[in-house]
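Residue 10 is where the sequence shown starts when you use our numbering, and the numbers rise one by one after that.
Note that the Cβ used here is the ideal one computed from N, Cα and C, for glycine as well.
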Amino acid sequence: MATIPAYPITPDIRLPCESDQAQQIIDQVVRVFNDYPQDRTDGVRVLFPTGWVLTRVSVTEPLVTLRFEAHTQHDLVILQQMVRQASPLLAQIWPAMPG
């Protein structure tokens, strides 16, 4: 029986912002990564060759939530940096990323 690989995944990254700002962040992510497959069932999940990011507006609090999964820890950091750079608004509210 084959084993299922365990990939690094972040907990929910919860960033305070108003719902209109959260929607702008999602719109920026959609636009910048429009060449990648996207699932817009609940926010937007962008599928990259090395992992994915889910970005969504909270329905209970004024914040945007992000979650990442990647094949390696290095890929996870790269995806986080890519998404942060994709949205100037997100870069303003998300503390500096590890390098």
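- Where Ile35 is concerned, the enclosing alpha helix (DSSP H) starts and stops at 28 to 41.
- Annotation note: the stretch 42 to 86 contains the following uninterrupted beta strand (DSSP E) runs of length 3 or greater, listed N- to C-terminal: 53 to 57, 60 to 66, 72 to 79.
- Where Ile102 is concerned, the enclosing alpha helix (DSSP H) starts and stops at 97 to 102.
- Within the same chain, and ignoring the five residues on either side of Val39 in sequence, the residues whose Cβ sits closer than 6 angstroms to its Cβ are Val53.
- Rounded to whole angstroms, the separation of the alpha carbons of Thr59 and His80 is 6 angstroms.
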